[in-house]
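For the sequence shown, our numbering assigns the number 2 to the initial residue and increments by one for each residue that follows.
Ideal Cβ placement from N, Cα and C applies to all residues, glycine included.
First up is the structure itself, then whatever we jot down about it.
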Amino acid sequence: MGVGRIAVIDLGEVPAGQVFDEAQPRRGPRRRWTMAALVLIAAASTLAAGEPLQRPLPTAVLDVPGDVQVLVNGDRLFVVQPFALSQGRGDGRYVMAYHLMDLKRLWRVELPLGGNVYGLRMLDDVLALTGDPSQPPGNEGPGSGAGEGTAAGPETVGLDPATGAMVWRHKGFIETATPGGRLILSTEIGDPSAIPADSGPGRTLRAVTGTGRLVWSYYPPPGALRSYRWEGDRVTLLAVLRPDGRVELRDTDTGELLRTGRIGPLDQDATAGRYVEIIGDLLLLREGSEVRAYGVERLDLRWRLPFEPGHEPWFTACGAVICAWGEGGLKAIDAGTGRVRWSDPRWTESFGSGSSLIVTDFDPRRGEQTVVVVDPNTGRVERELGRWHAPVTVDESIVALRFDSTRVLVARLDAAHGIRLVGVVSDVVGPSCSVRLRSIWCRRSDSTLGIWRLPG
2 MGVGRIAVID LGEVPAGQVF DEAQPRRGPR RRWTMAALVL IAAASTLAAG EPLQRPLPTA
62 VLDVPGDVQV LVNGDRLFVV QPFALSQGRG DGRYVMAYHL MDLKRLWRVE LPLGGNVYGL
122 RMLDDVLALT GDPSQPPGNE GPGSGAGEGT AAGPETVGLD PATGAMVWRH KGFIETATPG
182 GRLILSTEIG DPSAIPADSG PGRTLRAVTG TGRLVWSYYP PPGALRSYRW EGDRVTLLAV
242 LRPDGRVELR DTDTGELLRT GRIGPLDQDA TAGRYVEIIG DLLLLREGSE VRAYGVERLD
302 LRWRLPFEPG HEPWFTACGA VICAWGEGGL KAIDAGTGRV RWSDPRWTES FGSGSSLIVT
362 DFDPRRGEQT VVVVDPNTGR VERELGRWHA PVTVDESIVA LRFDSTRVLV ARLDAAHGIR
422 LVGVVSDVVG PSCSVRLRSI WCRRSDSTLG IWRLPG
């Protein structure tokens, strides 16, 4: 999976690993509403002259224990507290909902999951989240701690966003979502009675609706690899590469087997570095010291691309080209021929922006990224957009932050228009902010949690 996707594929959850300062236990959350004032940043020479200032960013401030997870959806704010009072981390494990404009609490329910909690998201008017009793609270998710794959593995529940009542419960963690509003759940161990006798142990995939109805199930064989084709933040196609070299392509909404074919035999000595990825109409297979591209429609071989041992690449879509990332930085590959159009060791992340490509160079000393616009055909730098923190894709545009003492400059970055100022949020503690969906959350100097909504 590409670095850029890693950033594109985030679902609105404050990571459990991000710890906020916690005040003394309190009887209930103190709530207040403020407005963040916009200021004119005269020193920001990269901002377009005469750029009109936007409206102040509405700010919700919650006085809640530190390790909460937050999701803003429309006019509602959902807060999950995964730590129990016995751990000294708050006043119980709960899920709460607020009306965002006035922070009126709508409901509060006990958290119906054990262990670590992650994957908080809204889909098809259901609030879904995953808990894993085999992992202590604070881990990042599946695979981050001991115990994965035990019988007491992850479970996902769907809550009614109007009342907090639990609507359904399924085994597995939330992996992704489909255009038709299905959640795809994945788990290392399924119900033994439901697994076909010849499938062996392995990951179980289930697709469920917002009501919890099971639409399809699939049991990849041991050693199988899989990838999804992404359109925005949803997946439309599932590709499974079986150990014998046979490929299965399935519709993610229905689970229907669309076509199958063989691209093997596979190199059985290269299983450790084998990797598959769907980019557009190509299925890319990395094996041994080369990458092979097959057409998704007929699974016919389109091209081969060798690489140096130890420089195993992974891939993301970059508009007109395919970005290959590895030890040597970025290589831009022609999707039709497999020819490397250009390469540059500086770039560490990429974002599509119309017919252009935005790339970044991370500076670990500053914790910032130099952002530039390049021609995807030649790699030539067309425009410099300055230094920013954690740019992410929001509604097909790029939102980035710049920290200045206790203030954070918020801007949208665009290849055609450059930098467009959104606003400034104040009274925050260092680089503690993150963009999640259409909102920004920050740790504030008084230990409260600030949440700012981005304008449309």
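Would you mind sorting Leu215 into buried or exposed? The rule is 16 or more other CB atoms within 10 Å of its CB.
-> Answer is exposed; the Cβ neighbour count stays below 16.
Tyr220 by DSSP, collapsed to three states: which one?
-> coil
Can you list, in chain order, the residues of its chain whose CB lies under 6 angstroms from that of Val110, leaving out five sequence neighbours each side?
-> Spatial neighbours of Val110 in its own chain (CB-CB distance under 6 angstroms, excluding positions within 5 residues in sequence) are listed in chain order as Val96 and Gly165.
Would DSSP call Arg388 helix, strand or coil?
-> Residue state, collapsed to three classes: strand.
Shortest alpha-carbon distance to Thr131 belongs to which of Gly159, Asp125 and Leu107?
-> Gly159
Mapping DSSP to helix, strand and coil, what is Pro307?
-> Looking at Pro307 - three-state DSSP - the assignment turns out to be strand.
Report buried or exposed for Gly281, applying the criterion of at least 16 other Cβ atoms within 10 angstroms of its Cβ.
-> It is exposed - the Cβ of Gly281 has fewer than 16 other Cβ atoms within 10 Å.
Using the rule of at least 16 other Cβ atoms within 10 Å of the residue's Cβ for burial, across every protein chain shown, is Ser135 buried or exposed?
-> buried
Short Cβ contact (7 angstroms threshold) for Trp453 with Thr60 = Result yes, Cβ atoms of Trp453 and Thr60 sit closer than 7 angstroms.
Assign Ser435 to one of two classes, buried (16 or more other C-beta atoms within 10 Å of its C-beta) or exposed (fewer than that).
-> With 16 or more other Cβ atoms within 10 Å, it is buried.
What is the rounded straight-line gap between the Cα of Ile334 and the Cα of Thr317?
-> 10 angstroms
Cα-Cα separation, Leu414 to Phe404 | 16 angstroms
Contact belief for Val118 with Pro83 at Cβ below 8 angstroms, rounded distance in angstroms | 4 angstroms
Buried versus exposed call for Met123 [16 or more other C-beta atoms within 10 Å across all chains shown] = buried
Check whether Gly182 and Trp217 have beta carbons under 7 angstroms apart | No; because the gap between Cβ atoms is not below 7 angstroms, this pair is not in contact.
As assigned by DSSP and simplified to three states, the class of Glu278 | strand
For Ala336, the nearest candidate out of Leu438, Arg437 and Gly296 (CA to CA) | Gly296
Please classify Ile264: does DSSP put it in a helix, a strand, or coil?
-> coil
Which partner residues of Cys443 appear in the DSSP bridge assignment?
-> Gly451
Buried or exposed: which applies to Leu331, given that a residue is buried once 16 or more other Cβ atoms fall within 10 Å of its Cβ?
-> buried
My guess is that Val73 and Arg439 are in contact by the Cβ rule of under 8 angstroms, so how many angstroms apart are they, rounded?
-> 7 angstroms
Below 6 angstroms CB to CB, which residues in the same chain sit around Arg293 once its five sequence neighbours on both sides are set aside?
-> Leu286 and Arg305
Taking Thr449 and Asp64 to be in contact with their CB atoms under 8 angstroms, please state how far apart those CB atoms are, rounded to whole angstroms.
-> Approximately 5 angstroms separates the beta-carbon atoms of Thr449 and Asp64; this is inside 8 angstroms, confirming the contact.
Selected residue, minimal CA-CA separation from Ser228, among Pro222, Trp326, Val374 and Leu238 = Leu238
Cβ atoms of Gly387 and Leu358: under 7 angstroms apart, would you say?
-> no
Mind checking whether Arg207 and Leu186 have CB atoms under 7 angstroms apart?
-> yes
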